[in-house]
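Engineer: Chains as they are written, first to last, in the numbering used here: chain A, 1061 to 1224; chain B, 5 to 485.
#1: Counting contacts by CB-CB distance shorter than 8 Å, is residue 1109 of chain A in contact with chain B?
#2: What would DSSP say about residue 190 of chain B, mapped onto helix, strand or coil?
#3: Identify whether residue 381 of chain B lies in helix, strand or coil by the three-state DSSP scheme.
#4: Please report whether the beta-carbon of residue 464 of chain B lies at a distance below 8 Å from any beta-carbon of chain A.
#5: What are the residues of the region 1168-1195 of chain A that lie near chain B, defined by any Cβ-Cβ distance shorter than 9 Å?
#6: Which ranges does the beta strand (DSSP E) cover as unbroken runs of at least 3 residues, wholly within the region 268-340 of chain B, from first to last along the chain?
#7: Got a sec: which bits of the region 131-153 of chain B sit with their beta carbon under 9 Å from any beta carbon on chain A, in order along the chain?
#8: What is the DSSP secondary structure of residue 1061 of chain A, counted as helix, strand or coil?
#9: Shortest alpha-carbon distance to residue 201 of chain B belongs to which of B/163, B/318, B/153 and B/240?
#10: Given a threshold of 16 other Cβ atoms within 10 Å of its Cβ, counted over all protein chains shown, does residue 362 of chain B qualify as buried or as exposed?
#11: With 16 as the cutoff for other CB atoms within 10 Å, does residue 1168 of chain A come out buried or exposed?
#12: In terms of residues, what are the limits of the beta strand (DSSP E) holding residue 1140 of chain A?
#13: Note down the Cα distance separating residue 1105 of chain A from residue 1177 of chain A, rounded to an integer number of angstroms.
#14: Taking CB distances under 8 Å as the criterion, tell me whether residue 341 of chain B reaches chain A.
#15: Just to confirm my understanding: we take residue 374 of chain B, look at its own chain, exclude 5 residues before and 5 after, and list those with CB closer than 6 Å. What are they?
#16: How far does the alpha helix (DSSP H) with residue 80 of chain B in it extend, from its first residue to its last?
#17: Please identify, using Cβ separations under 9 Å, the residues of the region 79-110 of chain B that lie next to chain A, in order along the chain.
#18: If residue 251 of chain B sits next to residue 237 of chain B, beta carbons under 8 Å apart, how far is it from one beta carbon to the other, in whole angstroms?
#19: Taking contact to mean 3 or more Cβ pairs, one atom from each stretch, closer than 8 Å, check whether the region 1061-1072 of chain A and the region 1109-1124 of chain A are in contact.
#20: Name, please, each residue of chain A whose Cβ falls closer than 9 Å to the Cβ of residue 53 of chain B.
#21: In terms of DSSP beta bridges, what is residue 224 of chain B paired with?
#22: Is the separation between the beta-carbon of residue 69 of chain B and that of residue 1154 of chain A shorter than 8 Å?
#23: Can you name the start and end residues of the alpha helix (DSSP H) that residue 438 of chain B belongs to?
#24: In its own chain, which residues sit with a C-beta less than 6 Å from the C-beta of residue 44 of chain B, not counting the 5 before and 5 after it?
#25: Take residue 1171 of chain A as the anchor and find which of A/1111, A/1116 and A/1095 has the nearest alpha-carbon.
#26: Could you tell me which residues DSSP puts in a beta bridge with residue 238 of chain B?
#27: Going along the chain, which residues of its own chain have a beta-carbon closer than 7 Å to the beta-carbon of residue 266 of chain B, five neighbours each way excluded?
#28: Using a Cβ cut-off of 9 Å, pull out every chain B residue sitting near residue 1165 of chain A, in sequence order please.
#29: Measure from the C-beta of residue 1161 of chain A to each C-beta in chain B and report whether the shortest distance is under 8 Å.
#30: Can you pull the DSSP bridge partners for residue 1178 of chain A?
#31: Please determine, among B/390, B/376 and B/386, the residue with the shortest C-alpha to C-alpha distance to residue 398 of chain B.
#32: Going by C-alpha to C-alpha distance, which of B/181, B/117 and B/133 sits closest to residue 151 of chain B?
#33: I want to know whether the region 91-106 of chain B touches the region 364-371 of chain B - three or more CB-CB distances under 8 Å.
#34: DSSP three-state label for residue 156 of chain B, please.
#35: Can you pull the chain B neighbours of residue 1101 of chain A, defined as C-beta to C-beta under 8 Å?
#36: Looking only at its own chain, which residues have a Cβ that is under 7 Å from the Cβ of residue 191 of chain B, when we skip the five neighbours before and after it?
Structural data, given as structure tokens:
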């Protein structure tokens, strides 16, 4: 992921804090909000909703953050592309579909990534597991480094940082 | 379970475009006749665990975690329950109207989502259309302007919620005895600027729904139709009221079973049955018993039960719909869609009325009274009547909580619609097609169930279908990835 100077970035976490590790997305957003990065906007909800398709066009880059039920530890960062071939539709909607809505309405969707942080317990209850807490820390350090890198560039540093 | 019975079993697991972990099982006998149908909930939710042991004033915030689909309904119902605990018998005009605004915003966005995102793909493209087309992107392609309006309707409702509840996750607007903020002039003007457009789009959505239904009126009136009782709250004068009122139940023919029941008396009228094969309980009207006492809730029940609607456009539409049955209750599952759109229009009208009411800018936000140890309240959530009941100890901790959520109230009707449709459409079929499976799902979706309350971690399997013969062998399998 390459962040260009003055990119307007949305980091959007989702999940239900009442489902143990499903809180990872919103906990991650709390970190972002406390850090106060320039040009970085953070928001959270219980789930993705179709109206986000109208929002994304306001950003250059978008990073969704969700708990990862199946996948590698500690986290997985993957590029997300619009998908019009939607077969998974519930009251919520997946990131690919959100991008497709954005593309259909506005002609283009922003470069979007999905940060999936590995979780283990999705039963009803509050608080995340120790293992997912560690994964959250590692994921946060990783993204924090990228965002700090961007901030330094804005102050004249020429070095760049990329991953994947 | 059913594998012990001769025949084959069809499993739809979970149901798409329905929230959470639902599963449909259809057991056919050796001749291909429908022997038994069940709509399962395969995950234990344990709502009460969330609330027990917590201080009562925490409830309006905590209960939102029960459901990521309709957190506002739980938020408001919990606030109403704790109103009773703090002895706030009558809220200040500002508090009540702010809550109502929040609730109508919620109903608007929820009904818009259901119609455009979950239901209209079926209505526009047909139940047999390719699954790739039967989704919101398909709607965008077919009618981009309408679909765009749907997105913006949702957005408007969500913004109303944000302005009244404070934030999307863990909103704190409603508190025991009132509300913690009013609506500023600046916020009001933002919403007023667009409300006429929202109203117009709500009319257009209803017209679209009516056009589709009227083209195949007989089909829609008979698809998944069955007689039931109807339960909802109504205002004291019989008017539709989504936020507050007294409980009314009618038979399928429109006879009153009970009326003007107060929340604190609900246990005298409603009981819940537990069945071993489902985690979701089966509520019923006590006086009619388990077999005959089950009922529908939600938009259809509300429109059937109320005597009138106090907003002119929605009332005109109600009269038109009810003329189809000579004023008697309509018992067609697909009429949920029509009634849902009438309620969306009603919500838009109510929002406009409220935005023009200066009470929203009042500063008297809280009412207090004599504390009680028991609180019971209800609200008409978008999917139907929602009950909250708490009892507290001397330390103000909740020691008993009983919640009957909308989807639980509609449990038996959803089982009934699966049964009716299985008999109508699957009987004797040699091959289970996507279209046939979707037919069953269309029936369930009409009730807009919310099954599991929002775990959306990446990696869940959306749909898995198995056909199992009497030996327990998988003879047909279908997955959507």
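Note that beta-carbon positions come from the ideal geometry of N, C-alpha and C, so glycine has one too.
Structural biologist: With the given structure in hand:
#1: yes
#2: helix
#3: strand
#4: With a pLDDT of only 37 at residue 464 of chain B, under the threshold of 50, the placement of this residue in the model should not be trusted; the figure read from the coordinates follows. Yes, because at least one Cβ of chain A sits closer than 8 Å to the Cβ of residue 464 of chain B.
#5: 1174, 1176, 1179, 1182, 1183, 1184, 1185 and 1186
#6: 274-277 and 286-289
#7: 135, 136, 138, 139, 140, 141, 142, 144, 145, 148, 151 and 152
#8: coil
#9: B/153
#10: exposed
#11: exposed
#12: 1135-1140
#13: 16 Å
#14: no
#15: 91
#16: 75-89
#17: none
#18: 6 Å
#19: yes
#20: 1184 and 1185
#21: None; residue 224 of chain B has no bridge partner.
#22: no
#23: 438-449
#24: 27 and 282
#25: A/1116
#26: B/244 and B/250
#27: 250
#28: 144, 148, 151, 152 and 155
#29: yes
#30: A/1128
#31: B/376
#32: B/117
#33: yes
#34: helix
#35: Residues of chain B passing the Cβ test: none, with the nearest at roughly 14 Å.
#36: 167
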